[in-house]
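Counting from 0, one number per residue, gives the positions in the sequence shown under numbering that gives the first Met the number 0.
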Amino acid sequence: MMSLVEGLESAQQLMTQAGTSQPEGGARGRWKALKAESRSWVEQTEDLLWSLQDRIQQVHSRRQKVSELIQDLDHRKQQSVQLRESLSKAQKALQSCDLQLGQLRARAEEGRRQLTERQQVGDKLQVQLSVLQELMQCHLLSIDQSELSVELRPRPPCSDQTSELDPLRLSVSWSQGDHFQLQ
């Protein structure tokens, strides 16, 4: 049927060919058949166009989603780089803190050592003070972190002497370099 229509140059030719070969009702029937077939083709073409339009819309939608996913991935990459930089800075700060902690521990150990030495010196002084108190009457006047002051009242050499000797005031001071000064 299509080949017949394609071979015709005009609608007039269709009418003349149809009139010579078939009666009047036959041309009209062919025309109606061609018209119905044409409508069918138009409907199929419209259906294909709607289907194609739906597919184009789906492709655009997928393209939009892919674009959003790429943007999200780029954002996450940036966050990852920033987190790595922050982690690196935190590790450097931790190393610095560890170094400072080691230095502070060394200082604390040195302070403990000095404190122990000073306590030993204090203990020795306490022993010497006890010995002095046994030999003489001794009164503690003052004591602080760097100085000790005592008053010594010597006993008379003989118990029959009634005169008292003047008290002796003794001051011992010490410095950080373990130097002592006696006054």
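C-beta: ideal position from N, C-alpha, C; glycine also.
The C-beta distance from R168 to E150 rounds to 5 Å, short enough to meet the 8 Å contact threshold. When the Cα atoms are used, L47 and L33 turn out to be separated by approximately 21 Å. Rounded to whole angstroms, the gap between the alpha carbons of D143 and V80 is 60 Å. For the 9 Å CB-CB criterion, V171 and L124 form a contact.
Going by beta carbons, Q182 and W173 fall outside the 9 Å limit. Annotated three-state conformation of L51 is helix, per DSSP.
For L131, the closest alpha carbon among the candidates R38, Q56 and R152 is that of R152.
Rounded to the nearest angstrom, the gap between the Cα atoms of Q113 and D122 is 14 Å.
Taking the CA atoms as reference points, L86 sits about 32 Å from E108. DSSP places Q175 outside both helix and strand once states are collapsed to three, so it counts as coil. Bridge partners of I142 according to DSSP: L147.
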